[in-house]
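Number of protein chains: 2
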Amino acid sequence: MKIGWIGTGVMGAAMAGHLQAAGHELYIFNRTRSKAERLLRDGAHWCELPAEVSANSEIVFTIVAFPADVEEVYLGETGILSGKGPCKILVDMTTSRPSLAQRIARSAAEQGIYSLDAPVSGGDIGARDGTLAIMVGGDKAAFETVLPLFQLMGKTISYMGGAGAGQHTKMCNQILVAGTMIGTCESLLYAAKAGLDKQSVINIIGKGAASCWSINNLGPRIVRGDYEPGFLVEHFIKDMGIALQEAAAVSLSLPGLALVHQLYLAVQAQGHGRSGTQALMLALKTLNGDNGSNNP
Amino acid sequence: MKIGWIGTGVMGAAMAGHLQAAGHELYIFNRTRSKAERLLRDGAHWCELPAEVSANSEIVFTIVAFPADVEEVYLGETGILSGKGPCKILVDMTTSRPSLAQRIARSAAEQGIYSLDAPVSGGDIGARDGTLAIMVGGDKAAFETVLPLFQLMGKTISYMGGAGAGQHTKMCNQILVAGTMIGTCESLLYAAKAGLDKQSVINIIGKGAASCWSINNLGPRIVRGDYEPGFLVEHFIKDMGIALQEAAAVSLSLPGLALVHQLYLAVQAQGHGRSGTQALMLALKTLNGDNGSNNP
Numbered sequence: 330m331k332i333g334w335i336g337t338g339v340m341g342a343a344m345a346g347h348l349q350a351a352g353h354e355l356y357i358f359n360r361t362r363s364k365a366e367r368l369l370r371d372g373a374h375w376c377e378l379p380a381e382v383s384a385n386s387e388i389v390f391t392i393v394a395f396p397a398d399v400e401e402v403y404l405g406e407t408g409i410l411s412g413k414g415p416c417k418i419l420v421d422m423t424t425s426r427p428s429l430a431q432r433i434a435r436s437a438a439e440q441g442i443y444s445l446d447a448p449v450s451g452g453d454i455g456a457r458d459g460t461l462a463i464m465v466g467g468d469k470a471a472f473e474t475v476l477p478l479f480q481l482m483g484k485t486i487s488y489m490g491g492a493g494a495g496q497h498t499k500m501c502n503q504i505l506v507a508g509t510m511i512g513t514c515e516s517l518l519y520a521a522k523a524g525l526d527k528q529s530v531i532n533i534i535g536k537g538a539a540s541c542w543s544i545n546n547l548g549p550r551i552v553r554g555d556y557e558p559g560f561l562v563e564h565f566i567k568d569m570g571i572a573l574q575e576a577a578a579v580s581l582s583l584p585g586l587a588l589v590h591q592l593y594l595a596v597q598a599q600g601h602g603r604s605g606t607q608a609l610m611l612a613l614k615t616l617n618g619d620n621g622s623n624n625p
Numbered sequence: 330m331k332i333g334w335i336g337t338g339v340m341g342a343a344m345a346g347h348l349q350a351a352g353h354e355l356y357i358f359n360r361t362r363s364k365a366e367r368l369l370r371d372g373a374h375w376c377e378l379p380a381e382v383s384a385n386s387e388i389v390f391t392i393v394a395f396p397a398d399v400e401e402v403y404l405g406e407t408g409i410l411s412g413k414g415p416c417k418i419l420v421d422m423t424t425s426r427p428s429l430a431q432r433i434a435r436s437a438a439e440q441g442i443y444s445l446d447a448p449v450s451g452g453d454i455g456a457r458d459g460t461l462a463i464m465v466g467g468d469k470a471a472f473e474t475v476l477p478l479f480q481l482m483g484k485t486i487s488y489m490g491g492a493g494a495g496q497h498t499k500m501c502n503q504i505l506v507a508g509t510m511i512g513t514c515e516s517l518l519y520a521a522k523a524g525l526d527k528q529s530v531i532n533i534i535g536k537g538a539a540s541c542w543s544i545n546n547l548g549p550r551i552v553r554g555d556y557e558p559g560f561l562v563e564h565f566i567k568d569m570g571i572a573l574q575e576a577a578a579v580s581l582s583l584p585g586l587a588l589v590h591q592l593y594l595a596v597q598a599q600g601h602g603r604s605g606t607q608a609l610m611l612a613l614k615t616l617n618g619d620n621g622s623n624n625p
């Protein structure tokens, strides 16, 4: 099948690679062409504009950075929806605003095109191994058409409802992560202050009623002082910001999420926006007067 | 072995039962005698005072409700340490103040007695099945003496350091639970407002980087409107209060824990102190103007 792909960052390049490996013909656009080189070398066609991608493809996938990029890529002057061609289904896999997903779906529908919102979780490793969780909103029949392609990229694929439902589900995921991250970092900070061996604490509290992915996977990195990104602080701030805005739009107060969002803004202010989300620990340490001179 | 046991609530009765089943001779005290009936029927000896328990036993275990009860049972006029007899090791399995554990250890040491703090996690089910996690602080040799008895009650038994280290580890556990609980409840509240099927959301976000025990075990109870206690709100408030006090004593600011503690005080104020900790959802719903007329 002729498939369009816009956004070939770490995630996008790996995901598109699975479609290419399965024999699909890719039409690609990315802001930085060099990041698409490997796919191009393996036979993908380069396009100069998003509109050129949709003019050549039956289904177009997108995974870019921020909602503003999604808006530009879909609704901009030379965006996907300005292209005339065989394209019948659009799939945005960026984590983006549910309300924007609904707007794109309406605009697409006016041209007889279906649009799905299908954000993922599982990070660069999930993208590379084809084991992502994919949460999908939009037309059910369009979802079923795309399902075999989703199955090349992910392991858990869930249809969640109409346009925006995929993005809303991803917001639920990120709200939960906000809680597990603050719990993980405050717990390990307390452990350090109490003079406990932090890894021994993780070994025991990571098994019972307190257990979570964050303590078991990011906890050991914090213990080692490893703040390399699995998932970027600045992307998590974007996601929490979307969730808070969407919640505010329906007068929903989420005090825990709001607090964690504020603390991550402090992480960013302290220069760690491109670190992994476990860098929340650094902001909590600074808050508590530790400016890195020792390593509790 | 002649073993003393003080505190035969749901947890204590089940745990003492494992020692009795292994052939140990129990000397029991509890504020409410009726709760010890089953152990007494199976051959345990009733004592009128904590001092009588320690006067008859080689090792005394305690698991009561609040730090004030621990203080009374150990240091009160007719407390354990006032009893003269063969008792050589004391083990408090209540979740209590690390600083109190240290004080009891010092008082016991003056009489040549070892004292361990050994709080547990795993709840009533873990107590019944003998699968508790037990976090132990105090003298290492005393720990090794008691270890075979701990193994009758628990599955994961960890020596964490000197007096108070067991309690500090339990605090780390509860700080983490505070995070997973606020994440779980806010996530499901958002899901409801967004019109998503909450169980479908749990099914997908409970598997990846957001996954935690709370969403997978308490999430479905929230979806069913089941607020029966696995772990009581009022006990969790006690635990968080201890953690906040201990943290404040070393000038440690834990903003996430402080917020969740406040929200649980609201849960209690709304009459749910004897509900399970998943009742945090009820306070968040009330905060958002839902007084139970509908069930998002």
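Chains Y and P, in that order, are what the protein sequence lines are. For what it's worth, the numbering used here labels the leading residue of the first sequence as 330, then goes sequentially. For what it's worth, the numbering used here labels the leading residue of the second sequence as 330, then goes sequentially. In this text, a Cβ means the ideal position worked out from N, Cα and C, and glycines have one as well.
Nearest-angstrom Cα separation, counted from residue j out to residue i
i               : j               : result
A447 of chain P : G495 of chain P : 5 Å
A350 of chain Y : L378 of chain Y : 24 Å
H590 of chain P : V506 of chain P : 11 Å
A365 of chain P : I357 of chain P : 8 Å
M340 of chain P : V465 of chain P : 17 Å
M489 of chain Y : N532 of chain Y : 35 Å
G405 of chain Y : G336 of chain Y : 15 Å
T615 of chain Y : E575 of chain P : 19 Å
A578 of chain P : F472 of chain Y : 56 Å
N624 of chain Y : G554 of chain Y : Low per-residue confidence applies at N624 of chain Y: pLDDT is 47, beneath 50, and the placement is therefore not dependable, though the value from the model is reported in the following sentence. Between N624 of chain Y and G554 of chain Y, the C-alpha separation is close to 8 Å.
K331 of chain Y : A373 of chain Y : 10 Å
G483 of chain Y : F560 of chain P : 36 Å
I392 of chain P : M569 of chain P : 18 Å
I551 of chain P : I511 of chain P : 13 Å
R426 of chain P : Q503 of chain P : 13 Å
L588 of chain P : G508 of chain P : 10 Å
A434 of chain Y : A572 of chain P : 49 Å
T485 of chain P : S529 of chain P : 32 Å
S487 of chain P : N617 of chain Y : 29 Å
S383 of chain Y : G459 of chain Y : 24 Å
K527 of chain Y : A492 of chain Y : 44 Å
D629 of chain P : M344 of chain P : With chain P covering 330 to 625 only, the question about residue 629 of chain P has no answer from this structure.
L419 of chain P : L369 of chain P : 22 Å
A462 of chain P : A342 of chain P : 17 Å
G346 of chain P : S543 of chain P : 28 Å
G441 of chain P : G452 of chain P : 33 Å
Neighbour list for residue i in chain Y, Cβ cutoff strictly below 9 Å
i               : result
T391 of chain P : Within chain Y, no residue comes near T391 of chain P; the closest Cβ sits about 21 Å away, beyond 9 Å.
M489 of chain P : L525, D526, S529, V530, I533
A494 of chain P : A523, G524, L525
V562 of chain P : Simply none; closest approach about 14 Å.
Residues that residue i contacts on chain P, provided the C-beta gap is smaller than 8 Å
i               : result
G285 of chain Y : Residue 285 of chain Y lies beyond the residue range present for chain Y, which begins at 330 and ends at 625; the question has no answer from this structure.
V420 of chain Y : Simply none; closest approach about 17 Å.
I544 of chain Y : L505
V465 of chain Y : Here the premise fails: no neighbours, minimum Cβ distance about 10 Å.
Chain-ordered neighbours of residue i on chain P, where CB pairs are closer than 9 Å
i               : result
Y519 of chain Y : H497, M500, C501, I504, A572, E575, A576, L581, L583, L586
T485 of chain Y : N532, I533, K536, G537
I551 of chain Y : Those do not exist, as I551 of chain Y stays about 13 Å from chain P at its closest Cβ, beyond 9 Å.
V475 of chain Y : None at all; the shortest Cβ gap to chain P is about 17 Å.
Residue i - partner residues in DSSP beta bridges
i               : result
L561 of chain Y : Y:G605
G483 of chain Y : Y:L461
F395 of chain Y : In the DSSP output, where bridge partners are listed per residue, F395 of chain Y has none listed.
I388 of chain P : P:I332, P:I418
H374 of chain P : P:Y356
G490 of chain Y : Y:G466
Per-residue contacts from residue i into chain P (C-beta, under 7 Å)
i               : result
A462 of chain Y : I533, K536, G537
Subject >> Within 9 Å of chain P by C-beta, residues of the segment 502–516 of chain Y in sequence order >> reply: For the segment 502–516 of chain Y, which is checked against every Cβ of chain P, the residues closer than 9 Å are N502, Q503, I504, L505, V506, A507, G508, T509, M510, I511, G512, T513, C514, E515, S516.
Original post:
For the segment 410–478 of chain P, which segments carrying the beta strand (DSSP E) assignment without a break, of at least 3 residues, lie completely within its bounds, in sequence order?
Top reply: 418–421, 443–446, 461–466
**OP:** Closer than 8 Å, Cβ to Cβ, to anything on chain P: give me those residues from the segment 521–542 of chain Y, in chain order.
**Re:** K522, A523, G524, L525, D526, S529, V530, N532, I533, I534, K536, G537, A538, A539, S540, C541, W542
Original post:
Which full runs of the beta strand (DSSP E) of 3+ residues lie inside the segment 331–367 of chain P, going along the chain?
Top reply: Taking only runs of at least 3 residues, the beta strand (DSSP E) segments lying wholly in the segment 331–367 of chain P are 331–335, 354–358.
**OP:** Could you name the residues of the segment 436–451 of chain Y whose beta carbon sits closer than 7 Å to any beta carbon of chain P, in the order they occur along the chain?
**Re:** If the cut-off is 7 Å between Cβ atoms, the segment 436–451 of chain Y has S450, G451 near chain P.
**OP:** Below 7 Å between beta carbons is the criterion; list the residues of the segment 608–620 of chain P that meet it against any residue of chain Y, in chain order.
**Re:** Of all residues in the segment 608–620 of chain P, those with a C-beta nearer than 7 Å to a C-beta of chain Y are L616, N617, reading in chain order.
Original post:
What runs of the alpha helix (DSSP H), each 4 residues or longer, lie entirely inside the segment 529–559 of chain Y?
Top reply: Runs found: 548–553.
Original post:
What residues from the segment 333–351 of chain P come within 9 Å of chain Y, judged by C-beta to C-beta, listed N to C?
Top reply: none
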